[in-house]
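The sequence shown begins at 0 in numbering that gives the first Met the number 0 and counts up by one.
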Amino acid sequence: MSLSPVIPSTRANEIRYAIRDIVVLANKVAKTGQKMLYLNIGDPNVYDFTVPDFVVDAVGRAMKENRCGYSPSSGIAEGVEAIRNEAHRKGIKNILDIFITTGASEAIEICMTALLNPGENILTPAPGYPLYTAVVSKLGTEENPYLLDEENGWQPDVADMERKINDKTRAIVLINPNNPTGSIAKEETLRAVIALAKKYNLVIFADEIYDKLVLDGGQTLSIASLDQEVGMITFGGLSKVYLGPGLRIGWGIVSGQTELMGNYVEAINKILRARLCANHPIQYAIKPCLEGAHPHLPEVLNKLRARRDLTVSMLNEIKGISLVAPKGAFYAFAKLNEVKDDNKWTSELMWKTGVVVVPGSGFGQKPGTSHFRVVFLPDENTLKSAYEKIAWFQKEWHE
Ligand code: PLP
Numbered sequence: 000m001s002l003s004p005v006i007p008s009t010r011a012n013e014i015r016y017a018i019r020d021i022v023v024l025a026n027k028v029a030k031t032g033q034k035m036l037y038l039n040i041g042d043p044n045v046y047d048f049t050v051p052d053f054v055v056d057a058v059g060r061a062m063k064e065n066r067c068g069y070s071p072s073s074g075i076a077e078g079v080e081a082i083r084n085e086a087h088r089k090g091i092k093n094i095l096d097i098f099i100t101t102g103a104s105e106a107i108e109i110c111m112t113a114l115l116n117p118g119e120n121i122l123t124p125a126p127g128y129p130l131y132t133a134v135v136s137k138l139g140t141e142e143n144p145y146l147l148d149e150e151n152g153w154q155p156d157v158a159d160m161e162r163k164i165n166d167k168t169r170a171i172v173l174i175n176p177n178n179p180t181g182s183i184a185k186e187e188t189l190r191a192v193i194a195l196a197k198k199y200n201l202v203i204f205a206d207e208i209y210d211k212l213v214l215d216g217g218q219t220l221s222i223a224s225l226d227q228e229v230g231m232i233t234f235g236g237l238s239k240v241y242l243g244p245g246l247r248i249g250w251g252i253v254s255g256q257t258e259l260m261g262n263y264v265e266a267i268n269k270i271l272r273a274r275l276c277a278n279h280p281i282q283y284a285i286k287p288c289l290e291g292a293h294p295h296l297p298e299v300l301n302k303l304r305a306r307r308d309l310t311v312s313m314l315n316e317i318k319g320i321s322l323v324a325p326k327g328a329f330y331a332f333a334k335l336n337e338v339k340d341d342n343k344w345t346s347e348l349m350w351k352t353g354v355v356v357v358p359g360s361g362f363g364q365k366p367g368t369s370h371f372r373v374v375f376l377p378d379e380n381t382l383k384s385a386y387e388k389i390a391w392f393q394k395e396w397h398e
């Protein structure tokens, strides 16, 4: 019998991840000699941000001490303890379990895998981070997007959330601060989400990976600090606040009531054990990060604030584009008021100008609207040049 082509699974065929998918096209454009301006990937290290020295020192020390064997499946004790102390500082009380993972991505995937059966669904924000929908496809479960309200500063639309709940809904995902809009949820919104979770017996996944990247002062309010009954898992990590996405360290904090969450916590731990552990030596960076004075943050926030302000003023000046000012993280989600197909718009933008942004449809959005996401991590000169090119392109654009 002769060999025939290997057929990938249908579940793999369904997976979309617009942030990286766009890179395939960007590489094609770059090959033509076009000068590229990348505003597409939320990786601080690609731009003028470097991982703080105290992280490098802690990891270097751990490696010199040969801490390169497997760690416990939930992570090293000092890391778990540091995350517990941080959770207490965030006001989270009924902590049932803490586990360290290979990025927050792994924590999210494990928690979804341990919860969802095929045919069940999870409420995900639209727009929102596409990992959740990618995992939904992988698990053979259903996508159930709820809208963020652009007219209301991109706050989660809790009425829409309630309309979307059905008897197969198991959990609500809340990304706060949000990727891709940079919005921060208000306390009244968080309380309304908790009320829904209680009414419909849902778990809350609180993705707070950008929690300290708040651009106008203060900190985000952790939804798990507002209730001790509802089962919640709060996700965090070193990728964004500590400028080390390639370190691949994240975590999950389970809170709520043991009687309600006990079996689920055990299911999560079974999966944690089966995948052995997260990167061992890097886990030694967690304690210095969480328990230190965050000396790197003032400069990071100053840079981001200036770049956010430039983004808001320059994009809002362009005819046909409007932008709700982001309040956290490093993303802006701009509306294309007269464009029907944002995939086409972003791809033409790339061919004509070399500016790489991600189409709004890759994050989910209100039907009939078009957007694009900008990462405002690059320096002001790069951003300015990119926004000038977008302004030129927008004038030329005809659908
Ligand atoms: N959650 C959100 C909202 C993100 O934007 C990202 C990365 O961009 C992640 C999770 C993934 O984090 P990690 O690098 O820790 O896997």
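C-beta atoms are modelled at their ideal positions from N, C-alpha and C, and glycine is treated no differently.
Quick check: residue i and residue j, are their CB atoms within less than 8 Å of each other?
i           : j           : result
residue 76  : residue 286 : no
residue 322 : residue 305 : no
residue 445 : residue 225 : Residue coverage of the chain in this structure runs from 0 to 398, which leaves residue 445 outside it and unanswerable.
residue 270 : residue 109 : yes
residue 359 : residue 43  : no
residue 157 : residue 191 : yes
residue 134 : residue 111 : yes
residue 392 : residue 345 : no
residue 14  : residue 182 : no
residue 249 : residue 230 : no
residue 377 : residue 38  : yes
residue 177 : residue 153 : yes
residue 169 : residue 121 : yes
Would DSSP call residue i helix, strand or coil?
i           : result
residue 44  : helix
residue 250 : strand
residue 274 : coil
residue 66  : coil
residue 256 : coil
residue 393 : helix
residue 372 : strand
residue 59  : helix
residue 244 : helix
residue 262 : helix
residue 36  : strand
residue 222 : helix
residue 49  : coil
residue 228 : coil
Quick check on this structure: which residue in the options has the alpha carbon closest to the alpha carbon of residue i?
i           : options               : result
residue 348 : 58, 265 and 387       : 387
residue 256 : 291, 96 and 56        : 96
residue 382 : 234, 351 and 356      : 356
residue 53  : 380, 277 and 237      : 237
residue 129 : 280, 318, 104 and 203 : 104
residue 303 : 175, 375, 34 and 89   : 375
residue 180 : 213, 166 and 189      : 213
residue 172 : 187, 155 and 166      : 155
residue 294 : 49, 3 and 93          : 49
residue 283 : 74, 41, 389 and 198   : 74
residue 10  : 61, 40, 132 and 4     : 132
Let me confirm a value: residue i is counted as buried when at least 16 other C-beta atoms fall within 10 Å, else exposed. Which label applies?
i           : result
residue 218 : exposed
residue 143 : buried
residue 260 : buried
Is the Cβ of residue i closer than 8 Å to any Cβ of chain D?
i           : result
residue 389 : The chain labelled as chain D is not found in the depicted structure, where only one protein chain is given.
Ordered list of beta strand (DSSP E) runs contained in the region 79-109, each at least 3 residues
DSSP runs (the beta strand (DSSP E)) wholly in the region 79-109: 94-100.
Whole alpha helix (DSSP H) elements within the region 274-351, 4-residue minimum
For the region 274-351, whole alpha helix (DSSP H) runs of length 4 or above, ordered along the chain, are 285-290 and 296-316.
In chain order, which alpha helix (DSSP H) runs of at least 4 residues are fully inside the region 148-202?
As far as the region 148-202 is concerned, its whole alpha helix (DSSP H) runs of at least 4 residues are 157-163 and 186-199.
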